[in-house]
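Shown next, in structure tokens, is the structure this report addresses.
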């Protein structure tokens, strides 16, 4: 598959120290962007101000510098990010999109907490208790949910696949939250689709656990008349698991890149591990992003989980 005029991004969240699963996705994105002669943007998803910490934000730039991962657009450091690239600067655009969806009757308000409905559906989705309650949008401490049709196929252009991937949004996400109940902030799904549109992103590399998010974002793009999003190509790679067979994640307190650096792990060793994960022959010879690019014709992208 050839992608012309490719524009991609990496979008870490400063809610914890980066782990090896994050870095694998970053390196794979950089590799594909370089191979196709595209551009890479650093976007930091700091919408959730309550979870952001200065040390986590600084860790993003330290990690990218440590692995010598170059990007073409985005903040050069912490101060530049806070002043010029924070998602808080785009808040008026997110709120305008929320207003548009509300006026189109695509949303409803919900007073339910997760503990009230969790376990009521076998598929784990919200059982639509408030969908027909017609609660006022001005009511405090309410979430805003998207009213997803009962039959809602979403087609995703998946990298390396001859046919688009079909995801039934009603069965995988249901009526997902688009404005949070706790702080009234726009949710990740909305901010992400707006940002990808504004940044003209047409190629996204992310973990397979975000396939549902991709479907949510494409649905929102259609509702917001962001026609460019349907043509975006996605690659949903497999997930790295730790020794406990858990997905590498910040919430699981997975071994962080910061800890690995402090233990003497080198960036060259990390690139060798990435090459091994991509099944490059003689992966131990890969010591940098340039080495990985030279071996591009031999890589096999993992679509299943594997262990670090």
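Numbering (UniProt numbering), first residue to last: 1 to 308.
C-beta: ideal position from N, C-alpha, C; glycine also.
Small disclaimer: the values here were computed from a predicted structure and weren't measured.
Beta-carbon separation of residue i and residue j under 8 Å?
| i | j | result |
| --- | --- | --- |
| residue 221 | residue 230 | yes |
| residue 43 | residue 96 | no |
| residue 52 | residue 12 | no |
| residue 46 | residue 86 | yes |
| residue 168 | residue 152 | yes |
| residue 239 | residue 271 | no |
| residue 210 | residue 100 | no |
| residue 170 | residue 148 | yes |
| residue 40 | residue 72 | yes |
| residue 27 | residue 69 | yes |
| residue 206 | residue 25 | yes |
| residue 255 | residue 19 | yes |
| residue 173 | residue 94 | no |
| residue 143 | residue 90 | no |
| residue 275 | residue 283 | yes |
| residue 233 | residue 3 | yes |
Does the beta-carbon of residue i have 16 or more other beta-carbons within 10 angstroms, so that it is buried, or is it exposed?
| i | result |
| --- | --- |
| residue 217 | buried |
| residue 183 | exposed |
| residue 22 | buried |
| residue 114 | exposed |
| residue 74 | buried |
| residue 136 | exposed |
| residue 198 | exposed |
| residue 285 | exposed |
| residue 76 | exposed |
| residue 188 | buried |
| residue 134 | exposed |
| residue 201 | buried |
| residue 289 | buried |
| residue 50 | exposed |
| residue 16 | buried |
| residue 80 | exposed |
Quick check on residue i: does DSSP put it in helix, strand or coil?
| i | result |
| --- | --- |
| residue 38 | coil |
| residue 25 | helix |
| residue 193 | helix |
| residue 73 | strand |
| residue 143 | strand |
| residue 312 | The chain is shown only over 1 to 308; residue 312 falls outside these bounds and no answer can be derived. |
| residue 158 | strand |
| residue 286 | coil |
| residue 178 | strand |
| residue 339 | Here the chain covers residues 1 to 308 and nothing more, so residue 339 does not appear. |
| residue 148 | coil |
| residue 207 | strand |
| residue 291 | helix |
| residue 165 | strand |
At least three beta-carbon pairs within less than 8 Å, the stretch 149-160 to the stretch 97-117: no
Complete alpha helix (DSSP H) runs within the stretch 209-284 (minimum length 4 residues, chain order): 211-223, 257-262, 267-277
Sequence ranges, alpha helix (DSSP H) only - wholly within the stretch 41-127, length at least 4: 54-66, 91-103, 114-117
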